[in-house]
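Everything below concerns the one structure shown next.
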Amino acid sequence: MLLGEPPRTPWDLRFSLFGIPVRVHPFFWVVALLLGFDASPQLIDLVVWVAAVFVAILVHELGHAMVMRAYGFSPWITLYGLGGLASYGSGSGYGSRGPDTFGQILISAAGPGAGFLLAGLLAVALVLAGPGIEVLLIGGFLPYVRVAGVVGSSAFTYFIQDMLFVCTFWGIINLLPVYPLDGGHIAREILLRANPHEGIRQSLMLSVLTAIAVAVIALFRLGDFYIAVMFGFLAYASYAALQAYRGRGPW
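To convert a position in the sequence shown, counted from 1, into my numbering, add 98.
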């Protein structure tokens with residue numbers, strides 16, 4: 099999840115995967131460490147957590163990028179802070195026009211879809227050749243897939259477990275109709291298609307209301323202060339965008 103591409107730094111990690119340039123901003127590692135430290139301060143647990151977050155988010159952004167390339171664009175990936183961003187330049191496809199409504203929805207859905215696919219493959223492998231899986235409910239309604247035993251070593255088990263968590267739990271969160279999450283972009287395209295004049299405003303209103311609801315549920319039912327703060331910020335950002343769209347200031 100990114101609001102915009104961060105500036106380049108001398109400490110960026112750069113590589114290419116399937117012909118797609120990837121840049122990892124140093125702040126990505128910092129945020130991943132902070133999130134992992136909240137669960138366990140042990141060094142090995144932190145290393146495993148950061149590795150799992152890196153792989154899961156990279157797969158997510160690759161899902162976006164692969165569909166972008168299928169539409170004829172030249173994509174690149176940036177990992178930073180709370181997540182990542184798949185961007186594209188003009189190619190031999192739609193050129194400067196960009197994809198149509200269905201294409202935009204497909205691009206947005208491909209990220210969570212890639213994560214769900216990875217989680218599904220891991221789950222099948224665990225059931226067929228491993229200790230199996232358990233599906234629990236966080237707060238009584240959010241599915242949480244857990245490894246039912248040990249896979250090789252405890253470190254590798256935690257790695258698989260963490261990837262399952264990021265791919266499923268955060269995949270579901272990312273489909274909520276809140277900007278700038280993928281679900282927010284999908285909602286915008288659907289509402290714009292239904293009502294070209296009011297679609298943007300309606301999607302921003304939906305984003306504000308959904309983000310407020312999630313923040314309240316996260317704080318009072320899940321007891322997750324981090325998610326509550328994050329969605330509180332997203333609610334304000336969507337509200338400010340809505341006011342600016344109406345031609346007024348944020349207040």
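Every residue gets a Cβ at the ideal spot worked out from N, C-alpha and C, and that includes glycine.
Asked, Found
"Test: G161 CB closer than 8 Å to a CB of chain D", "Annotation note: the requested chain D is absent from the structure, which comprises a single protein chain."
"7 Å CB neighbourhood of G193 in its chain, flanking five on each side removed", "A caution first: G193 carries a pLDDT of 49, below 50, which makes its placement in the model too unreliable to give a value."
"Cβ neighbour criterion (16 or more within 10 Å) applied to F263", "buried"
"Cβ pair count under 8 Å reaching 3, the stretch 259 to 279 against the stretch 210 to 218", "yes"
"Own chain residues within Cβ distance below 6 Å of A339, not counting five before or after", "L302"
"Proximity below 8 Å, CB of A221 to CB of I205", "no"
"Buried/exposed call for L132, threshold 16 Cβ in 10 Å", "exposed"
"For I270 and L240, believed in contact at Cβ under 8 Å, the rounded distance", "7 Å"
"Same chain only: Cβ atoms within 8 Å of Y343, ignoring 5 sequence neighbours per side", "I298, R299, L302"
"A276 vs F323 beta-carbon contact at 8 Å", "As written in the sequence, residue 276 is Val, which differs from the Ala given in the question. No, these two residues do not count as a Cβ contact at 8 Å."
"Continuous beta strand (DSSP E) stretch holding R121: start and end", "118 to 122"
"Spatially closest choice to W109 from G321, P124, G161, L304, by CA coordinates", "P124"
"Run of the beta strand (DSSP E) containing R112, from where it starts to where it stops", "111 to 115"
"Selection from L144, D143, W174, L317 that minimises the alpha carbon distance to H158", "W174"
"Three-state class that DSSP yields for R291 in the structure shown", "helix"
"Other residues of its chain near L235: CB distance less than 8 Å, five sequence neighbours each side excluded", "P241, Y242"
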